[in-house]
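Residue numbers (UniProt numbering): 1 to 156.
All C-beta atoms in this analysis are idealised placements derived from N, C-alpha and C, irrespective of residue type, glycine included.
One structure below.
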């Protein structure tokens with residue numbers, strides 16, 4: 001199973017994979033200049049960067065499990081779909097605006113999407129999902145015909 005990140009949802013993903021954009025000297029200067037105060041880019045980048053949902057992918061004998069950390073979200077707004085061997089987990093936030101003035105914000109409620117490239121090792125028609133305690137868990141059963149154990153070959 002391979003992961004695909006939707007870069008339209010997370011513009012600095014390549015930097016994050018290299019150790020963290022925010023931890024570099026350039027990243028700190030960029031943040032201090034463009035993300036401070038009422039700069040027009042602040043809201044756009046903050047929402048996209050901070051709305052990235054982390055996942056764990058676990059392999060066991062009979063299945064793969066994808067755990068997506070998404071605390072505080074509504075179960076009915078999630079969509080889990082498979083098309084052309086791509087698992088897509090998306091969340092569409094209601095357009096509810098609050099009248100409160102947020103002084104400091106680190107938690108953003110908003111839409112997001114994560115994609116994972118599947119292989120023929122998965123029965124994509126037997127996938128199940130549940131959302132509990134802030135974690136969306138997607139179980140992907142393995143196809144035993146495609147998941148044969150390693151076979152040692154005798155050398156003569």
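Check: Bounding residues of the beta strand (DSSP E) (the contiguous stretch that carries residue 141); Outcome: 135 to 141
Check: Expected contact under 8 Å - CB spacing of residue 115 and residue 136 to nearest Å; Outcome: 14 Å between Cβ atoms; not a contact.
Check: Endpoints, the beta strand (DSSP E) within which residue 117 is located; Outcome: 112 to 117
Check: Selection from 154, 132, 153 and 139 that minimises the alpha carbon distance to residue 73; Outcome: 132
Check: CA nearest to the CA of residue 121, picked from 150, 151, 64 and 107; Outcome: 64
Check: When 81, 25, 154 and 58 are compared against residue 124, the one with the closest alpha-carbon; Outcome: 81
Check: Given residue 76 as reference, the closest of 55, 129, 100 and 25 once Cα atoms are compared; Outcome: 129
Check: Cβ-based burial, residue 89 [other Cβ within 10 Å; buried from 16]; Outcome: buried
Check: Closest Cα partner of residue 109 within the set 25, 26, 51 and 24; Outcome: 51
Check: Where residue 56 falls: helix, strand or coil (DSSP); Outcome: strand
Check: Sub-9 Å separation of residue 91 and residue 70 beta-carbons; Outcome: yes
Check: For residue 138 and residue 106, the rounded distance between their alpha carbons; Outcome: 27 Å
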